[in-house]
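If you read the sequences in order, they're chains S and Z. Counting from 1, one number per residue, gives the positions in the first sequence under the working numbering. Counting from 1, one number per residue, gives the positions in the second sequence under the working numbering. For glycine and all other residues, C-beta sits at the position ideal for the given N, C-alpha and C. Beneath this line is the structure, given in structure tokens, with notes to follow.
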Amino acid sequence: VNQQRHITSFFSKT
Amino acid sequence: MLELRLTQAGLLKKVLESIKDLVTDANFDCSATGFSLQAMDSSHVALVALLLRSDGFEHYRCDHNISMGMNLGNMAKMLRCASDDDTVTIKADDGSDTVTFMFESPSQDKISDYEMKLMDIDSEHLGIPEAEYQAIVRMSASEFARICKDLGTIGDTVIISVTKEGVQFSTKGDIGTANIICRKNTAVDKKEEATVIEMAEPVSLTFASRYLIAFTKATPLAGQVTISMSYDMPIVVEYKMETMGYMRFYLAPKIEE
Chain S
1 VNQQRHITSF
11 FSKT
Chain Z
1 MLELRLTQAG
11 LLKKVLESIK
21 DLVTDANFDC
31 SATGFSLQAM
41 DSSHVALVAL
51 LLRSDGFEHY
61 RCDHNISMGM
71 NLGNMAKMLR
81 CASDDDTVTI
91 KADDGSDTVT
101 FMFESPSQDK
111 ISDYEMKLMD
121 IDSEHLGIPE
131 AEYQAIVRMS
141 ASEFARICKD
151 LGTIGDTVII
161 SVTKEGVQFS
171 TKGDIGTANI
181 ICRKNTAVDK
191 KEEATVIEMA
201 EPVSLTFASR
211 YLIAFTKATP
221 LAGQVTISMS
231 YDMPIVVEYK
241 METMGYMRFY
251 LAPKIEE
């Protein structure tokens, strides 16, 4: 099963 | 005071049409650099980054940095009232809760203005690091759109694999499987039909088809699309607008659990 990752786990809040 | 004048309303119309289904509301940020937007889709899987450079405008006045929250569907509705060859002027006064779009026909015999309500949007701004990507593919934007559309009818996910020889798009669904290979090719009649691969090492990643299909709404903005991939990084699908800037879409990959 492929789990969808989120953008927020790669780029941090500024 | 903000006043931005662009001779081709058509460009702004295409920009809005390409993002309005992915992002509902977003802040447009105006600074000396240009008119920009960064926004995530509602499920935080994809991110849109738009830049229209200030020097691409016919007139660009932005006294101080300003952020304007807009409903993109409503903005698209207003822009659809402009003809592609109209000149569009975006105006906002300091502290105002509205923005005005003024459209002028090329012969100056029809002038319209549309005032739209701004909204407060509490959006998260993300820092996107400058990254060296392991594989970069430049190919025909319309070919990429065709591939995403075709594979999307077969499976929910697309595996994009880049090797020195080319780029492969694969999918698997209930009815069967599909594979498309685009070989690198620069011996083409039209420059935009070329497929160029720059690769440090082969990369293969899995993505949700529906987001890739959504990104290809930006196809009218550019002849070529640039696809950048690295392991453990979101893919970047970029449409460069000649002299004006870019529309970049970031999409988080799917991973085996």
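7 Å Cβ cut-off: residues of chain S touching residue i
i              : result
I128 (chain Z) : F11
A49 (chain Z)  : Neighbours of A49 (chain Z) on chain S: none; closest Cβ ~10 Å, over 7 Å.
A208 (chain Z) : Q4
Enclosing alpha helix (DSSP H) for residue i [first to last residue]
i              : result
E258 (chain Z) : Residue 258 (chain Z) lies beyond the range of chain Z shown here (1 to 257); nothing can be said about it.
C148 (chain Z) : A141 to G152
L47 (chain Z)  : That residue, L47 (chain Z), is in no alpha helix (DSSP H); its beta strand (DSSP E) goes A46 to R53.
L79 (chain Z)  : L72 to L79
Listed by chain order, chain S residues near residue i by CB distance under 9 Å
i              : result
M233 (chain Z) : F10
L6 (chain Z)   : Going along chain S, no residue has its Cβ under 9 Å from L6 (chain Z), so there is no contact; the nearest lies around 28 Å.
K285 (chain Z) : This structure leaves residue 285 (chain Z) out entirely; chain Z is present only between 1 and 257.
I255 (chain Z) : N2, Q3, Q4 and R5
T157 (chain Z) : N2
Cβ distance (whole Å) where residue i is taken to contact residue j below 8 Å
i              : j              : result
D21 (chain Z)  : A208 (chain Z) : Going by Cβ atoms, the distance from D21 (chain Z) to A208 (chain Z) rounds to 15 Å, so no, they are not a contact pair.
K240 (chain Z) : A222 (chain Z) : 6 Å
L2 (chain Z)   : F57 (chain Z)  : With 8 Å as the limit, L2 (chain Z) and F57 (chain Z) do not qualify as a contact, their Cβ atoms being about 11 Å apart.
L72 (chain Z)  : L16 (chain Z)  : 6 Å
T216 (chain Z) : F144 (chain Z) : 6 Å
A32 (chain Z)  : S54 (chain Z)  : 6 Å
L205 (chain Z) : I160 (chain Z) : 6 Å
I7 (chain S)   : M40 (chain Z)  : 6 Å
Residue burial classification, residue i (beta-carbon count within 10 angstroms, cutoff 16)
i              : result
I181 (chain Z) : exposed
G176 (chain Z) : exposed
R248 (chain Z) : buried
P253 (chain Z) : buried
C81 (chain Z)  : exposed
K14 (chain Z)  : buried
T195 (chain Z) : buried
T89 (chain Z)  : buried
K184 (chain Z) : buried
E132 (chain Z) : exposed
A187 (chain Z) : exposed
Y211 (chain Z) : buried
Boundaries (first-last residue) of the beta strand (DSSP E) holding residue i
i              : result
F215 (chain Z) : Looking at the DSSP string, F215 (chain Z) is not in any beta strand (DSSP E); the run it does join, the alpha helix (DSSP H), is S209 to F215.
M244 (chain Z) : Run containing M244 (chain Z): none; DSSP gives neither H nor E here.
A92 (chain Z)  : T87 to A92
A26 (chain Z)  : D25 to C30
K117 (chain Z) : I111 to K117
T226 (chain Z) : Q224 to M229
R61 (chain Z)  : H59 to C62
S36 (chain Z)  : G34 to M40
A194 (chain Z) : No beta strand (DSSP E) contains A194 (chain Z), which DSSP labels as neither H nor E.
T98 (chain Z)  : T98 to E104
A178 (chain Z) : G176 to R183
I159 (chain Z) : T157 to V162
Residue i and residue j closer than 7 Å at C-beta
i              : j              : result
V158 (chain Z) : L151 (chain Z) : yes
T100 (chain Z) : T7 (chain Z)   : no
I19 (chain Z)  : V45 (chain Z)  : no
D93 (chain Z)  : G10 (chain Z)  : no
F11 (chain S)  : I235 (chain Z) : no
S123 (chain Z) : N27 (chain Z)  : yes
M119 (chain Z) : G69 (chain Z)  : yes
L51 (chain Z)  : Y246 (chain Z) : yes
S228 (chain Z) : I136 (chain Z) : yes
A141 (chain Z) : V23 (chain Z)  : no
Q3 (chain S)   : E192 (chain Z) : no
E201 (chain Z) : Q108 (chain Z) : no
T98 (chain Z)  : K117 (chain Z) : yes
Residues that residue i contacts on chain C, provided the C-beta gap is smaller than 7 Å
i             : result
A46 (chain Z) : In the structure shown, chain C cannot be found, because the protein chains are S and Z.
Neighbour list for residue i in chain S, Cβ cutoff strictly below 8 Å
i              : result
E124 (chain Z) : T8 and K13
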